[in-house]
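Taken in order, these protein sequences are the chains called A and B. Residues in the first sequence are numbered from 1 upward in steps of one, following the UniProt record's numbering. Residues in the second sequence are numbered from 1 upward in steps of one, following the UniProt record's numbering. Here the structure is laid out as structure tokens; the discussion comes afterwards.
2 protein chains.
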Amino acid sequence: MLGAVGHAQRLRIIAELYTSARDGSRAHVSELARRLGLSRPLLYMHLERLEAAGLVAGHLELSEDGKAMKYFELMPFALTLDAETIAETVARDAESATDANTKGGIG
Amino acid sequence: MLGAVGHAQRLRIIAELYTSARDGSRAHVSELARRLGLSRPLLYMHLERLEAAGLVAGHLELSEDGKAMKYFELMPFALTLDAETIAETVARDAESATDANTKGGIG
DNA sequence: GTCACCTGTCAGTCTCGTCTTACAGGTGAT
DNA sequence: ATCACCTGTAAGACGAGACTGACAGGTGAC
Numbered sequence: 001m002l003g004a005v006g007h008a009q010r011l012r013i014i015a016e017l018y019t020s021a022r023d024g025s026r027a028h029v030s031e032l033a034r035r036l037g038l039s040r041p042l043l044y045m046h047l048e049r050l051e052a053a054g055l056v057a058g059h060l061e062l063s064e065d066g067k068a069m070k071y072f073e074l075m076p077f078a079l080t081l082d083a084e085t086i087a088e089t090v091a092r093d094a095e096s097a098t099d100a101n102t103k104g105g106i107g
Numbered sequence: 001m002l003g004a005v006g007h008a009q010r011l012r013i014i015a016e017l018y019t020s021a022r023d024g025s026r027a028h029v030s031e032l033a034r035r036l037g038l039s040r041p042l043l044y045m046h047l048e049r050l051e052a053a054g055l056v057a058g059h060l061e062l063s064e065d066g067k068a069m070k071y072f073e074l075m076p077f078a079l080t081l082d083a084e085t086i087a088e089t090v091a092r093d094a095e096s097a098t099d100a101n102t103k104g105g106i107g
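Laid out in structure tokens, this is it:
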């Protein structure tokens, strides 16, 4: 997930979604792309990454005139980033990786 | 800085430095590389990045037998990562970028 | 001298992620 | 039919970053 946040464009996307939600307005993908100055395919890719990390959620809606519009909204998230937390997370990941090897090993 | 943390190997390095410090022991670069299973040049690169982000600090010492040893220690850091913080940071960055263009422009 | 340690850096490779271009499909308005 | 919107995906260019191997230099022990 830190990988998802570790990129300037993605931070800009989060910021834009945040301020939009703050204004009470929503933006579909194309509109968002125009505001951020990104191409749509590129924005799609970033949104996929953010969605995979659970930071945003998108759903397709039909507007009044019948056009399909995909709206994205920000998911509430908060995590504290310090050395201790990182150490715990890494240790946990190492354990589960070992488990996977132990239990479901090929040999 | 999120860029520095947004990589698995770097998280492992931080975790290793943290647990080492917790044990009261220190590790020089070569020792660290062996523990993590990384080549020294690679570890150097990651440590540079972490040092540039202010997460670690390294200093060269002379051991009893006169050998040069470079020790790295973890700097205390903690940051809360949520949408609001990100939005503020992005806004601030955009401002300072505009300032830079306004003030120090070439033309 | 040779070996086992250490630091520090450079040149090159190779993978991954970013980003653009282009396509295919759907709707309503003119 | 043509235009202006929208979604969604695939192919390829491109560059940054990760990673390896080799090198130069220093120390103490045998």
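Each residue gets a CB set at the ideal place from its N, CA and C atoms; glycine is no exception.
Under the three-state reduction of DSSP output, K70(B) falls in the strand class. Check the Cα spacing between G3(B) and each of G24(B), A94(B), E64(B) and G54(B): the tightest is with G54(B). The Cβ atoms of L47(A) and F72(A) sit closer than 8 Å to each other. The C-beta of Y71(B) comes no closer than 8 Å to any C-beta of chain A.
Excluding residues up to 5 positions away in sequence, R40 lie with their Cβ nearer than 7 Å to the Cβ of S30(A) in the same chain. For T102(A), no Cβ of chain B is located within less than 8 Å of the residue's own Cβ.
The beta-carbon of D82(B) is placed less than 8 Å from the nearest beta-carbon of chain A. Per DSSP, A100(B) is one residue of the alpha helix (DSSP H) stretching across A83 to K103. Secondary structure at L11(A): helix, using DSSP grouped into helix, strand and coil. The CB of A57(A) never comes closer than 8 Å to any CB in chain B; the least such distance is about 13 Å.
Within 10 angstroms of the beta-carbon of A68(A) lie fewer than 16 other beta-carbons, which makes it exposed.
Secondary structure note for A57(B): its beta strand (DSSP E) is the uninterrupted segment V56 to L62.
Y18(B) sits close to A87(A), with the two beta carbons spaced by under 8 Å.
Boundaries of the alpha helix (DSSP H) around A4(A): L2 to V5. Interface annotation for the stretch 33-45 of chain B against chain A: empty, criterion Cβ-Cβ distance under 8 Å. Among the CB atoms of chain B, one or more fall inside 8 Å of the CB of T19(A). Each residue's CA atom was taken as its position, placing A27(B) and V90(A) some 19 Å apart. Judged by their CB atoms, E16(A) and L38(A) are not nearer to each other than the 8 Å cut-off. The Cβ neighbour count for L74(A), taken over all protein chains shown within 10 Å, is at least 16; the residue is labelled buried.
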